[in-house]
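Q: Take a look at the following structure, please.
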Amino acid sequence: MTLLDVADLRLSFGGLLAIDGLSFSVGEGEIVSVIGPNGAGKTSAFNCVTGFYRPSSGRIALRGKDLRGLRPSAVAGLGVARTFQNLRLFGELSVLDNVRAGTHLWLRQSVFDALLHTPRYRRSERECTEQAHHWLDFVGLRGDRYGPARALSYGEQRRTEIARALARHPSLLLLDEPAAGLNHGEKAELLSLIRRIQNLGVAIVLIEHDMGLVMEVSERVVVLNFGREIADGRPEDVRRDPAVIEAYLGGEPHA
Amino acid sequence: MKGPGQDPAAPGPDSALSGSDAPPETGAPQESVPSPGSGSPAETGSAPGSAEARPPGGSRATGPKTRLRGTTKPPTVASRLLQNRWAGLAGLLVAILAPFVNATPYALSVMTSAAIFVMLAAGLNIVVGYCGLLDLGYAAFFAVGAYTSGVLATRFDLPLLATVPAVLVATVIAGIVIGAPTLRLRSDYLAVVTLGFGEIIRITANNLEVTGGPSGVYGIPHLVDGPVAFYYLTVAVVAVAVAGAARLGRSRLGRAWRFVREDEDAAEAMGVHTYRVKLAAYIAGAIWGGLAGVLFGAHLSAISPASFTFLQSALVLMAVVLGGMGSMPGVVIGAIVISILPEILRDLADHRFFLFGVLLIVVMLLRPQGLWPARSKEALK
Chain A
1 MTLLDVADLR LSFGGLLAID GLSFSVGEGE IVSVIGPNGA GKTSAFNCVT GFYRPSSGRI
61 ALRGKDLRGL RPSAVAGLGV ARTFQNLRLF GELSVLDNVR AGTHLWLRQS VFDALLHTPR
121 YRRSERECTE QAHHWLDFVG LRGDRYGPAR ALSYGEQRRT EIARALARHP SLLLLDEPAA
181 GLNHGEKAEL LSLIRRIQNL GVAIVLIEHD MGLVMEVSER VVVLNFGREI ADGRPEDVRR
241 DPAVIEAYLG GEPHA
Chain B
1 MKGPGQDPAA PGPDSALSGS DAPPETGAPQ ESVPSPGSGS PAETGSAPGS AEARPPGGSR
61 ATGPKTRLRG TTKPPTVASR LLQNRWAGLA GLLVAILAPF VNATPYALSV MTSAAIFVML
121 AAGLNIVVGY CGLLDLGYAA FFAVGAYTSG VLATRFDLPL LATVPAVLVA TVIAGIVIGA
181 PTLRLRSDYL AVVTLGFGEI IRITANNLEV TGGPSGVYGI PHLVDGPVAF YYLTVAVVAV
241 AVAGAARLGR SRLGRAWRFV REDEDAAEAM GVHTYRVKLA AYIAGAIWGG LAGVLFGAHL
301 SAISPASFTF LQSALVLMAV VLGGMGSMPG VVIGAIVISI LPEILRDLAD HRFFLFGVLL
361 IVVMLLRPQG LWPARSKEAL K
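The structure is reproduced here in structure tokens:
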């Protein structure tokens, strides 16, 4: 069943066409990678899906519901979570608080609960902390989770960002270059983490430059170049596609 | 505090994720050595006022596997004494005992003004400290509260307490009217626009007939008889206000405020409706400021536009920055310093504001993060 359906998406900044007719779909629980050279429009496509950019035209639907024109927080409320290409943790807040951000949408607690410290407040705070610990365990965080997030190592911050997104209980997770800057061992751990996330039933769209990782985990690969989709298929087919090889290695453009 | 029998699976509201406790694959390294933090005495005494309350019976869903606690150190005795609840009770005790040290009418008046100033600073701390919205016109809400209660009480011969509901309505409306258009702006632009609104309110009060023009409103009735009783009433109201603001800061809404302060886009991506959350901070700040205005009118029995100048807004902001933005104990201390220090320096006559300024500069040079800054490190329970 189709979870995310993007059809004929176009996005322009003034005269520059950043995305020119992108179409792809993601099924429930599927892992789809979006690859392409730098500036191909991958992150722009993410920003369109999550509501940060307004596409010029095209269709974006999650389980048949139109996502265009919604605030990012409303898109998040429908079950889309994302990470950012450049880490966007709340640096001064504790690691636990960062993951607690993921619980914001489903935590039931009113202002009066908070002022009066009602049993419901205590229960929801406890649950929120338990969930934060749970997802930090899930991503295998070893650093100090009571300290500020900026004190974590780069790889640990990447994990925290994924934990924060998972605490939202999303049905679709958009990972923007999760392997960037990770060393070999951390990449292996990321691979196993992505598989574990898939086992939860969460669909993943992955933007990644690390071809080893992409070919290993993806069920389908969408290739972008200059805002245009040049291939969409199984990893082994995409790898042999002449248009893809040309985009990555260069060559005479076809007419 | 490990309860293996209780609730072994982490609660997962989304059924799709209920299988999420699956054993991690080899990729996730486990530390089987119990870290110093787990099961330490710090976990047993969970105070209702501590950073986030956990009833003593509540156990984290530890289950059979060992938690990866990382390198957490147990808190020292001193750091636990400095936790908000004990600091708050100590502060309240000082406020209760202060009149026994010096109860001259002058001293009582200074202390009452200081307490009202603490309430203002607590309210601005919600806006600036928690939510990171630089508001340079906070005196506007102070004025709305003071004028609403003062005008209603003198015109209709109402007791001051009866004006409080109207004050709440007026401050919420003021918060929405000022906040709704300005909160679409960010950082410097927001500061400039709030500065403008602060002046608009003051100039409006200066020119309307109903507010008494430049001479203001006088003959505002007292809330209670006698300066001592009024001092204790003020302390009680301010204590509740400070505790309430601190509790809001530790709630779901308070966390959302901090997320907005740290990174608005990331907060939005996590499902925080940033505009609504900022407006909530603004309205909360307006209510705190408005209620402080009621106390202010009752204290002085007369108000005029001269009390609600930009200097007043700047002084409250200074109290928040001096104490430590986002730290309620710090902000209370900052407010007391800002309101009492000029009185202590009174013997210096004309030089006192010069020395006041020098002292503030020295403090900010020595402790740029504030006298009692908010800690990034989360307290263990």
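Chains as they are written, first to last, in full-length UniProt numbering: chain A, 1 to 255; chain B, 1 to 381.
Cβ coordinates follow ideal geometry from the N, Cα and C atoms, glycine included.
Small disclaimer: the values here were computed from a predicted structure and weren't measured.
I need the DSSP call for glycine 63 of chain B, collapsed to helix, strand or coil.
A: Because glycine 63 of chain B sits at a pLDDT of 36, beneath the cut-off of 50, its placement in the model cannot be relied upon, and the following sentence gives the value as read from the coordinates. In the structure shown, glycine 63 of chain B sits in coil (DSSP, three-state: anything other than H, G, I, E or B).
Q: At what residues does the alpha helix (DSSP H) containing aspartate 188 of chain B begin and finish?
A: Element bounds for aspartate 188 of chain B: 187-207.
Q: Which residues in the same chain as glycine 297 of chain B place their Cβ atom closer than 6 Å to its Cβ, once the five residues preceding and following it in sequence are excluded?
A: Contacts found: Ala146, Ser149, Gly150, Ile220 and Ile303.
Q: Would glycine 181 of chain A be called buried (16 or more neighbouring beta carbons within 10 Å of its own) or exposed?
A: Classification for glycine 181 of chain A: exposed.
Q: Can you name the start and end residues of the beta strand (DSSP E) that glutamate 229 of chain A belongs to?
A: Taken as a continuous stretch (DSSP letters only), the beta strand (DSSP E) holding glutamate 229 of chain A covers 228-233.
Q: Are the CB atoms of alanine 286 of chain B and valine 144 of chain B within a distance shorter than 9 Å?
A: Cβ atoms of valine 144 of chain B and alanine 286 of chain B: closer than 9 Å.
Q: Taking three-plus beta-carbon pairs below 8 Å as touching, is the segment 355-372 of chain B in contact with the segment 319-327 of chain B?
A: Yes, they touch.
Q: Between residue 404 of chain B and chain A, is there a C-beta pair that is closer than 9 Å?
A: With chain B represented from 1 up to 381, any question about residue 404 of chain B goes unanswered, as that position is not in the structure.
Q: Could you give the first and the last residue of the continuous alpha helix (DSSP H) run that contains leucine 168 of chain B?
A: Start and end: 164-182.
Q: If you follow the beta strand (DSSP E) that serine 25 of chain A is in, where does it begin and where does it stop?
A: Run containing serine 25 of chain A: 16-27, per the beta strand (DSSP E) assignment.
Q: Within a Cβ cutoff of 6 Å, which residues of the same chain sit near glutamine 131 of chain A, ignoring the five residues on either side of it in sequence?
A: Thr103 and Ala167, listed in sequence order.
Q: So, with DSSP's three-state summary, where would you put tyrosine 146 of chain A?
A: Looking at tyrosine 146 of chain A - three-state DSSP - the assignment turns out to be coil, as it is neither helix nor strand.
Q: Determine the burial state of arginine 261 of chain B: buried for a count of at least 16 other Cβ atoms within 10 Å of its Cβ, exposed for fewer.
A: By the 10 Å Cβ count, arginine 261 of chain B comes out buried.
Q: If you follow the beta strand (DSSP E) that glycine 58 of chain A is part of, which residue opens it and which one closes it?
A: Here the beta strand (DSSP E) through glycine 58 of chain A covers 57-62.
Q: Around the C-beta of serine 301 of chain B, are 16 or more other C-beta atoms found within 10 angstroms, so that it is buried, or is it exposed?
A: Exposed, by the Cβ-count rule.
Q: What's the C-alpha gap between threonine 62 of chain B and arginine 234 of chain A?
A: Per-residue confidence for threonine 62 of chain B stands at a pLDDT of 36, beneath the threshold of 50, marking its modelled position as unreliable; the derived number appears in the next sentence. Straight-line Cα distance between these residues: approximately 40 Å.
Q: As an exercise, report each continuous alpha helix (DSSP H) stretch of at least 4 residues that is fully enclosed by the segment 193-224 of chain A, in chain order.
A: Whole alpha helix (DSSP H) segments, 4+ residues: 211-217.
Q: Using a Cβ-Cβ cut-off of 9 Å, state whether histidine 184 of chain A counts as contacting chain B.
A: Histidine 184 of chain A does not count as touching chain B.
Q: Counting only beta-carbon atoms, is isoleucine 19 of chain A nearer than 9 Å to chain B?
A: No, isoleucine 19 of chain A lies away from the interface with chain B (no Cβ there is under 9 Å from its Cβ).
Q: Using 8 Å as the Cβ pair cut-off and three pairs as the minimum, do the segment 208-225 of chain B and the segment 250-260 of chain B touch?
A: No, they do not touch.
Q: How would you call histidine 184 of chain A, buried or exposed, if buried means at least 16 neighbouring beta carbons within 10 angstroms?
A: That one is exposed.
Q: Using a Cβ distance threshold of 8 Å, determine whether the segment 89-108 of chain B contacts the segment 271-288 of chain B, with at least three qualifying pairs required.
A: As far as the Cβ criterion goes, the segment 89-108 of chain B does not touch the segment 271-288 of chain B, which means the pair count is below three.
Q: With 9 Å set as the bound, which would you pick, yes or no: does the beta-carbon of proline 55 of chain B sit closer than that to a beta-carbon of chain A?
A: Unreliable positioning characterises proline 55 of chain B in this predicted model, as indicated by a pLDDT of 36, which lies under 50. The coordinate reading is nonetheless provided below. With 9 Å as the cut-off, proline 55 of chain B counts as an interface residue toward chain A.
Q: Quick one: what's lysine 65 of chain A bridged to in DSSP?
A: Per DSSP, A:Leu62.
Q: Kindly indicate the opening and closing residues of the beta strand (DSSP E) around aspartate 137 of chain A.
A: It is not in any beta strand (DSSP E) - aspartate 137 of chain A instead sits in the alpha helix (DSSP H) that spans 119-138.
Q: Please list the partners that glycine 244 of chain B has in chain A, where partner means a Cβ-to-Cβ separation under 7 Å.
A: Residues of chain A passing the Cβ test: Leu115.
Q: Mind checking whether proline 148 of chain A and leucine 200 of chain A have CB atoms under 9 Å apart?
A: No, Cβ-Cβ distance for proline 148 of chain A and leucine 200 of chain A is not below 9 Å.
Q: What residues of chain B sit near threonine 50 of chain A, judged by a beta carbon separation below 7 Å?
A: Those within 7 Å of threonine 50 of chain A in chain B are Ala269.
Q: Using only the alpha-carbon positions, how far apart do threonine 43 of chain A and leucine 133 of chain B sit?
A: If I take the Cα positions, the gap works out to 29 Å.
Q: Just to confirm my understanding: we take arginine 239 of chain A, look at its own chain, exclude 5 residues before and 5 after, and list those with CB closer than 6 Å. What are they?
A: Counting only Cβ-Cβ distances below 6 Å, and skipping sequence neighbours, we find nothing.
Q: I'd like to know if valine 272 of chain B contacts chain A, where contact means its C-beta is closer than 9 Å to some C-beta of that chain.
A: It does: the Cβ of valine 272 of chain B has a partner Cβ on chain A nearer than 9 Å.
Q: Measuring CA to CA, which of A:Asp20, A:Asn86 and A:Thr160 is closest to arginine 100 of chain A?
A: Among A:Asp20, A:Asn86 and A:Thr160, the Cα nearest to that of arginine 100 of chain A is on A:Thr160.
Q: Could you pull the start and end residues of the alpha helix (DSSP H) that phenylalanine 13 of chain A belongs to?
A: Segment 2-13 is the beta strand (DSSP E) holding phenylalanine 13 of chain A; no alpha helix (DSSP H) there.
Q: Mapping DSSP to helix, strand and coil, what is alanine 28 of chain B?
A: Per-residue confidence for alanine 28 of chain B stands at a pLDDT of 36, beneath the threshold of 50, marking its modelled position as unreliable; the derived number appears in the next sentence. If DSSP states are grouped into helix, strand and coil, alanine 28 of chain B belongs with coil.
Q: Which chain B residues sit within Cβ distance under 8 Å of arginine 164 of chain A?
A: Within chain B, the residues near arginine 164 of chain A are Met270.
Q: Cβ atoms of isoleucine 116 of chain B and tryptophan 288 of chain B: under 9 Å apart, would you say?
A: Result no, Cβ atoms of tryptophan 288 of chain B and isoleucine 116 of chain B do not sit closer than 9 Å.
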